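What follows is a single structure, written as structure tokens, with notes after it.
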DNA sequence: CAGGTGACTAAAG
DNA sequence: GCTTTAGCCACCT
């Protein structure tokens, strides 16, 4: 499963469900986060490439801040979509364009 | 070895 | 429509 997370190509993101499915457990999406939380190999596992079904990742976890997420993913070429709401909520509301950047095995 | 945990996900209330 | 409950199963202690 860690191999699966590491296999996520740069510039793409995978949902917990996606990783879980590739890991061989389509129903244990929650465990995916748990495994990453344990993070037996810090720095090796790109946790920031793993996002929610909505396209956003766990706020307060992952790396240090939602702002950092957008920067890191944008740096890798991941396309971000601003909140549909006219009022920009800052980093909150920003989601990854799963249609374009969702990792496809 | 056995038990507990969990960054989710989907469905029901 | 939004909030809360139920289920899942490999990894960690």
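Numbering (the numbering used here), first residue to last: 19 to 123. Think of the CB as a built atom: it goes at the ideal place given N, C-alpha and C, for glycine as much as any other residue. These numbers come from a predicted model, not from an experiment.
Practice task
Within 10 angstroms of the Cβ of residue 37, are there 16 or more other Cβ atoms? Answer buried if so, exposed if not.
Solution key: Indexing the first chain from 1 puts residue 37 at position 19. Answer is buried; the Cβ neighbour count reaches 16.
Exercise for the section: May I ask you to verify whether the segment 72-87 touches the segment 37-47, counting CB pairs closer than 8 angstroms and requiring at least 3? Expected result: The segment 72-87 is not in contact with the segment 37-47.
Handout entry: residue 66 - containing alpha helix (DSSP H), residue span
Key = By one-based count along the first chain, residue 66 stands at place 48. Segment: none, residue 66 is in no alpha helix (DSSP H) and carries neither H nor E.
Exercise for the section: Return the bridge partner residues of residue 31 from the DSSP annotation. Expected result: Position 13 of the first chain, counting from 1, holds the residue named residue 31. Bridge partners of residue 31: 120.
Practice task
Rounded to whole angstroms, what's the CA-CA distance from residue 63 to residue 22? Just pull it up for me.
Solution key: Taking the first chain and counting its residues from 1, the one referred to as residue 63 is at position 45. Taking the first chain and counting its residues from 1, the one referred to as residue 22 is at position 4. A straight line joining the alpha-carbon of residue 63 with that of residue 22 spans about 10 angstroms.
Practice task
Would you please state the rounded distance, in angstroms, between the beta carbons of residue 32 and residue 67? I believe it to be under 8 angstroms.
Solution key: In the first chain, the residue the question calls residue 32 occupies position 14. In the first chain, the residue the question calls residue 67 occupies position 49. Confirmed, about 6 angstroms.
Problem - For residue 61, the nearest candidate out of 112, 19, 24 and 97 (CA to CA) - result: Within the first chain, the letter at position 43 stands for residue 61. Proximity to residue 61 across 112, 19, 24 and 97 peaks at 24, based on C-alpha coordinates.
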